[in-house]
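Numbering (the working numbering), first residue to last: 381 to 464.
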């Protein structure tokens, strides 16, 4: 299945690493400075399924971007914006 919802991260806010289990999660980026929302996806087959900062794939996103976290993955989001 799919999960969609709203997450509001203030400037410099972090959504700690979370696994999505058997569902996919879909996000739309509403407000942030250009290239300041960092999505990190960890490989669930390494590190016993835990988030590994060193090996996570990282993407910088901007307002209007959309992203999808596939089933079985672990992700983390950080807002590097300096202002709202």
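C-beta: ideal position from N, C-alpha, C; glycine also.
**OP:** Please classify residue 453: is it buried, with 16 or more other beta-carbons within 10 angstroms of its beta-carbon, or exposed?
**Re:** buried
Subject >> Top-ranked residue by Cα proximity to residue 346, from 402, 393 and 416 >> reply: Residue 346 is absent from the structure shown; the chain starts at 381 and stops at 464.
Original post:
Over what stretch of residues does the beta strand (DSSP E) that includes residue 388 continue unbroken?
Top reply: Careful: residue 388 lies outside any beta strand (DSSP E) and carries neither H nor E.
Original post:
Do residue 466 and residue 422 have their CB atoms nearer than 8 Å?
Top reply: Shown here, the chain extends from 381 to 464; a query on residue 466 therefore has no answer.
Original post:
Using the C-alpha atoms, what's the distance from residue 387 back to residue 397?
Top reply: 14 Å
Original post:
What's the C-alpha gap between residue 442 and residue 427?
Top reply: 29 Å
Subject >> Reduced DSSP secondary structure (H/G/I, E/B, other) of residue 453 >> reply: coil
Original post:
If you drop the 5 nearest sequence neighbours on each side, which residues of the same chain put their C-beta closer than 8 Å to that of residue 415?
Top reply: 440, 441 and 442
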